[in-house]
Amino acid sequence: MKTYTVRITRQAREHLRGIKKYIAEELLAPDAAKNTIAAIKKEIKSLDKMPERIKMTEEEPWRSEGIHRMRVKNYYVYFWIDEENSKVQVTSVIYAARDQTAQLILMQIE
Numbered sequence: 008m009k010t011y012t013v014r015i016t017r018q019a020r021e022h023l024r025g026i027k028k029y030i031a032e033e034l035l036a037p038d039a040a041k042n043t044i045a046a047i048k049k050e051i052k053s054l055d056k057m058p059e060r061i062k063m064t065e066e067e068p069w070r071s072e073g074i075h076r077m078r079v080k081n082y083y084v085y086f087w088i089d090e091e092n093s094k095v096q097v098t099s100v101i102y103a104a105r106d107q108t109a110q111l112i113l114m115q116i117e
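And the structure:
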């Protein structure tokens, strides 16, 4: 079975920090923040095996660019697969209730 290197981009790391801070400080739920981030990171780590099992996003033009969307709790994790170099690039982590198209416009593909 092919194994991929999973890389979390700077933008996605910033999203994770923002999510943790919001849940811990605004919602006053530090344990929930820790658990949410742990769940997201666990699912991201699982992308090292068969990342293609996750469907591509429906939104264009990101679908045409090969961007996949994985649901984890109340968040979507966006990533693309670099088959040639056996890498997965996680580009964004976005709250599911937000306007995904508006947020994807801001996504940087590194």
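So for the sequence shown, this note's numbering puts the first residue at 8; every next one is plus one. C-beta atoms are modelled at their ideal positions from N, C-alpha and C, and glycine is treated no differently.
Check                                                                                                : Outcome
Selected residue, minimal CA-CA separation from residue 81, among 20, 71 and 26                      : 26
Endpoints, alpha helix (DSSP H) assigned at residue 38                                               : 37 to 52
Straight-line gap, residue 37 to residue 49 (C-alpha atoms, nearest Å)                               : 18 Å
Given residue 77 as reference, the closest of 71, 54 and 91 once Cα atoms are compared               : 54
Local Cβ density within 10 Å of residue 163, reported as buried at 16 or more and exposed below that : Residue 163 lies beyond the residue range present for the chain, which begins at 8 and ends at 117; the question has no answer from this structure.
Cα-Cα separation, residue 86 to residue 31                                                           : 26 Å
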